[in-house]
Structures are given as C-alpha cells and as structure tokens.
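Visitor:
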Amino acid sequence: MNVLKFIFSLSERRAAKWQLFVSKIEPYILFVFIASLIAGSYIALHINETLAVALLVLILSLTFLFIFLWIYLGLWVKYHERETEKDD
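Numbering (the numbering used here), first residue to last: 3 to 90.
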C-alpha cells in the first residue's frame, strides 16, 4: 500500500507542477487568442486564406487544450487530496 501512496504522490506532484505552469501562462492565453485572430485576419486578407485558417485552427485548438488540461488537472489534484485525507 505504501508503494501506491508513493506513486500517487509522484503523480500529484507532477500534476501540481503542470497546474502551476498553466496558471502562470493563463493570463497570456487570452492575449495569444486575440493575437492569433488578428494575425489570421491579416494573413487571410493579404497573403493566403488557407494558411490563415490553418493558423487559426492550430491556435484555437492549443488554447482549448490548455484550458481543458488546467481544469482537468485542477480537479484531479483536488480529488487525490480528498482521497489522501480519507486515508489518513
């Protein structure tokens, strides 16, 4: 049982580090989103529409991925904190 607790503690630390990283870049996610919309619009008007759509899809998917991971890991860490409190 101690081995499982050790493995969960490693996973919790890794998740907590990732959540800390995402919380540090969280204010910049909206900035990147708006900048990508502006860049995509400029590229669509002046250079190439296909490239602009690809850029917008890439930035939107990365933004939603970071938001999803931030929420998921936050809930995962809280769940494991409750489980360890119950075990103690």
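Every residue, glycine too, gets a C-beta built ideally from N, C-alpha and C.
Just mark A54 as buried or exposed, buried being the case when its beta carbon has 16 or more other beta carbons within 10 Å.
Guide: Classification of A54: buried, given that the 10 Å Cβ count is 16 or more.
Visitor: Rounded to whole angstroms, what's the CA-CA distance from A56 to E85? Just pull it up for me.
Guide: Going by the C-alpha atoms only, they are around 43 Å apart.
Visitor: Using alpha carbons as the reference points, say which of N50, I73, W78 lies closest to S25.
Guide: Among N50, I73, W78, the Cα nearest to that of S25 belongs to I73.
Visitor: Cα separation between I27 and T52?
Guide: Roughly 29 Å separates the two Cα atoms.
Visitor: Output yes or no for whether 8 Å exceeds the beta carbon distance between S38 and L67.
Guide: No, the pair does not count as a contact, with Cβ atoms beyond the cut-off.
Visitor: Rounded to a whole number of angstroms, what is the C-alpha to C-alpha distance between W78 and T65?
Guide: Using only the alpha carbons, I get a separation of about 20 Å.
Visitor: So, V35 versus I61, is the Cβ gap smaller than 8 Å?
Guide: What sits at residue 35 in the sequence shown is Phe, not Val. For F35 and I61, yes; Cβs fall inside 8 Å.
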